[in-house]
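Here the structure is laid out as structure tokens; the discussion comes afterwards.
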Amino acid sequence: MSTTPKQPRTATAARRRHIVDHLRSLGHSESIGDLSQLFGVSTSTIRRDVDALSDESKIWKISGGDVMVRRHEPTWHEKEQCEHVSKAAMATYAAKHLVNEGDLVLLDSGTSTAALGRLLSTRNDITILVGGLSVLQAVAEGTANVMVLGGALRQHSGSLLGPWASSNLRSITPDVAFIGCDAVSATDGLNCPLLESVEFKHEAMTRARTSWILADPTKILTTGSEPYWASIPPRTGIVTVQSSNSELSEKLGAFRRSGHHVIQAPLQPADTD
Numbered sequence: 001m002s003t004t005p006k007q008p009r010t011a012t013a014a015r016r017r018h019i020v021d022h023l024r025s026l027g028h029s030e031s032i033g034d035l036s037q038l039f040g041v042s043t044s045t046i047r048r049d050v051d052a053l054s055d056e057s058k059i060w061k062i063s064g065g066d067v068m069v070r071r072h073e074p075t076w077h078e079k080e081q082c083e084h085v086s087k088a089a090m091a092t093y094a095a096k097h098l099v100n101e102g103d104l105v106l107l108d109s110g111t112s113t114a115a116l117g118r119l120l121s122t123r124n125d126i127t128i129l130v131g132g133l134s135v136l137q138a139v140a141e142g143t144a145n146v147m148v149l150g151g152a153l154r155q156h157s158g159s160l161l162g163p164w165a166s167s168n169l170r171s172i173t174p175d176v177a178f179i180g181c182d183a184v185s186a187t188d189g190l191n192c193p194l195l196e197s198v199e200f201k202h203e204a205m206t207r208a209r210t211s212w213i214l215a216d217p218t219k220i221l222t223t224g225s226e227p228y229w230a231s232i233p234p235r236t237g238i239v240t241v242q243s244s245n246s247e248l249s250e251k252l253g254a255f256r257r258s259g260h261h262v263i264q265a266p267l268q269p270a271d272t273d
């Protein structure tokens, strides 16, 4: 009996192309309900279309049931709308188990690292080294000691990059660094939109005594769409969440075989010591 994956029927494939074209022309997000009415099919059918297109990295699913086309790199404000549960689980685990008293903690730019920053901001026994605007906003009103690396602000992503940021980073040895990503591969590394991002992320992972990439399952399952890749040192670990997805298990196995320690945080972390 053949195990070849079924291809979408002609009508289904055509509708999915039209969904992408519609979202591209629209220029902003659209709800599942509106797409259902527009294409004259049930919401469950549209959800299947959306899941398939999301798996192909053609659209983004946004909290609240909206979707938008992946025609450009999403802003950090748009990324804040995605994968709340996974980000909270990774942040909770990392804050509790991967940060020690007295640590100098580098937080790369990103919404997953910002979620961790919010939890760490109430600690006065650590110093947080900030590498992005979203993280700075997350820790600004806390009690933790905060240092800003500096550099040129890239408004679209909220990253602080460039020679100044890289030079300052080379003069510091963080105890632990947490790195954000849009996509990550065991063979290619971290997918980045800019060469400056490649330099910064690789420098951060290399300089830190311990480093972790915060990657919800969508970042591991997606195919990177950006042109540049930052190699990952073998001692850098991966923090994601528990999942029964067999494809995710295979990809995490590839990280383990490459020497990376992989942690799958529970989606509802137990409040135990």
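For what it's worth, the UniProt record's numbering labels the leading residue of the sequence shown as 1, then goes sequentially.
Here a beta-carbon is modelled for each residue, glycine too, at the ideal position from N, C-alpha and C.
These numbers come from a predicted model, not from an experiment.
Counterpart residues of residue i in DSSP-defined beta bridges
i	result
T240	Q264
G132	S159
S54	Its beta-bridge partners do not exist; DSSP assigns none.
S104	Position check: residue 104 holds Leu in this sequence, whereas Ser was assumed. Looking at the DSSP assignment, L104 forms a beta bridge with T127.
S249	Paired residue(s): none; S249 is not in a bridge.
S36	BP columns for S36 are empty, so no partner.
T218	Beta-bridge pairing links T218 to no other residue.
T210	V176
Residue i in three-state terms, based on DSSP
i	result
T223	coil
I179	strand
L194	coil
G259	coil
L98	coil
T127	strand
S185	strand
S42	coil
T122	coil
I232	coil
R71	Here the model assigns R71 a pLDDT of 48, short of 50, so the residue's position is not dependable and the matter cannot be decided.
S31	strand
S109	coil
H77	Legend: pLDDT at H77 = 46, less than 50; position of this residue unreliable, no value from coordinates given.
T272	Any reading at T272 is ruled out, since the residue's pLDDT is 43, under 50, leaving its predicted position unreliable.
Cβ separation of residue i and residue j, assumed to be a contact under 8 Å, to the nearest whole Å
i	j	result
V241	M90	6 Å
S134	G110	7 Å
V198	A165	With 8 Å as the limit, V198 and A165 do not qualify as a contact, their Cβ atoms being about 13 Å apart.
L169	E196	The Cβ separation is near 12 Å, so there is no contact.
T122	G102	Not quite, the Cβ-Cβ distance comes to about 16 Å (not below 8 Å), so this is no contact.
L194	L161	7 Å
C192	E226	6 Å
R207	T173	6 Å
Residue i versus the options, residue with shortest Cα-Cα distance
i	options	result
P266	P217, S231, Y228, T222	P217
S54	I220, A114, R209, V135	I220
F178	W212, N191, P227, V184	W212
S167	V176, G180, A152	A152
I238	K96, T122, S185	S185
K96	L116, L104, L38	L116
I32	S243, R17, D49	D49
T187	S258, V262, G180	S258
L129	I19, S171, E226	S171
A52	C192, L149, G40, V20	V20
residue 315	E30, A94, R24, E56	For residue 315 there is no data in the structure shown, the boundaries of the chain being 1 and 273.
V67	L104, H22, D108, E101	H22
T45	A11, R24, K58	A11
A138	P163, L107, R154, L149	L107
L248	P233, T223, T92	T223
Interface flag, residue i vs chain B, CB-CB below 8 Å
i	result
L161	No chain B appears in this structure, which consists of one protein chain only.
Runs of beta strand (DSSP E) lying entirely within the segment 141-176, each at least 3 residues, in chain order: If we require 3 residues or more, the beta strand (DSSP E) runs fully inside the segment 141-176 come out as 145-148, 152-154, 159-161.
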